[in-house]
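Using numbering that gives the first Met the number 0, you'd call the opening residue of the sequence shown number 0 and step up by one each time.
For every residue, glycine included, the Cβ atom is placed at its ideal position computed from N, Cα and C.
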Amino acid sequence: MKITKFLFVLLTLNFVNMSLAEASLIRTSDGATIDRATLSITETTVLNVENGQLTGAFNVEVEGEGIFDVVFDDRAFNDITNFNVVATTSNINSFASALLNSVFVNVGGFLFDSMPSLTSGCENSSVCFAFIPKEISANGRVLSLGAARNQSLASSQPDVAVEDQGLFLTDRDLFGASAAVFVNFFAAPTRVALPTVNTSLNQVNGVTDVPEPSSILLVLVGLIGGAYLRSNRGS
């Protein structure tokens, strides 16, 4: 009987672990969640959340420009070897507005619009500047950039798309700047800058929710439990 009981517990734990491992989820902008394996056929914007921090997003629609994946980076610009300059003076407002409308949002239990410090690289509780370079020199220096300025809920200032931000931080390592990050845009579905070396969708990080056990799991646990009880009666 002790052996039977041990096997029951072991199999139950194994099924629970299998269920949680196969149901890794990424939070979407409407407050729901999505299985990572179905991301390639998903048209809605999907936020990449790691340990409660907003690290980027998939399928962000930029008006007049297309669909992009984005990632936040708080290093010095020269250290970002794969930066993809897609914004220009004429369309910078569209890129910044896309961040404010689709990425810096309050969703589910996360307050990425109301609390700028929840954006990876931004520790300032009042504001986060998401810098979008639009003109780069031959030696890799930022000549001009815009920004999406995300203000906290408590701030009296509005969230705005800034067409000409100025250069007061672009030559510094943004790791030490609590209110600023660079934003790297990549035409979807390349996803080359997302937080893993492997570009396979199944390797994308960003799990925040612990899913409920599936109905199949509950049935299997019930069957095992029934067998265990019948075995006890027989003994």
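Could you give the DSSP three-state label for residue i: helix, strand or coil?
i: V104; result: coil
i: V79; result: Here residue 79 turns out to be Ile, not Val, going by the sequence shown. Of the three classes helix, strand and coil, the one that applies to I79 here is coil, per DSSP.
i: F94; result: helix
i: S143; result: strand
i: F109; result: strand
i: L117; result: helix
i: L99; result: helix
i: A160; result: strand
i: N149; result: strand
i: T32; result: strand
i: V42; result: It should be pointed out that residue 42 corresponds to Glu in this sequence rather than to Val. The answer is coil: DSSP assigns E42 none of H, G, I, E or B.
i: N47; result: strand
Assuming residue i and residue j are in contact, meaning their beta carbons sit under 8 Å apart, how far apart are those beta carbons, in whole angstroms?
i: A86; j: G145; result: 7 Å
i: I131; j: V61; result: Rounded, the Cβ-Cβ distance is 11 Å, inconsistent with contact.
i: F111; j: L53; result: 5 Å
i: G63; j: S93; result: 6 Å
i: E162; j: I91; result: 5 Å
i: V84; j: I135; result: 6 Å
For the beta strand (DSSP E) that residue i lies in, which residues bound it at each end?
i: A236; result: Lying before the first or after the last residue shown, residue 236 is absent from the chain, which here runs from 0 to 234.
i: Q52; result: Q52 to V61
i: T73; result: Position check: residue 73 holds Asp in this sequence, whereas Thr was assumed. D73 -> no beta strand (DSSP E), and no H or E assigned at all.
i: A129; result: V126 to I135
Which term fits residue i, buried or exposed, when burial requires 16 or more other beta carbons within 10 angstroms of its beta carbon?
i: T44; result: buried
i: L98; result: buried
i: V203; result: Because the pLDDT at V203 is just 36, under 50, the model does not fix this residue reliably, and the point stays unresolved.
i: S119; result: buried
i: A179; result: buried
i: P157; result: exposed
i: A31; result: exposed
i: L117; result: buried
i: N50; result: exposed
i: N149; result: buried
i: D72; result: buried
i: N81; result: exposed
i: N138; result: exposed
i: L142; result: exposed
i: D78; result: exposed
Would residue i pass as an interface residue toward chain C - the criterion being a Cβ-Cβ separation below 7 Å?
i: E49; result: Absence of chain C from the displayed structure is noted, only one protein chain being present.
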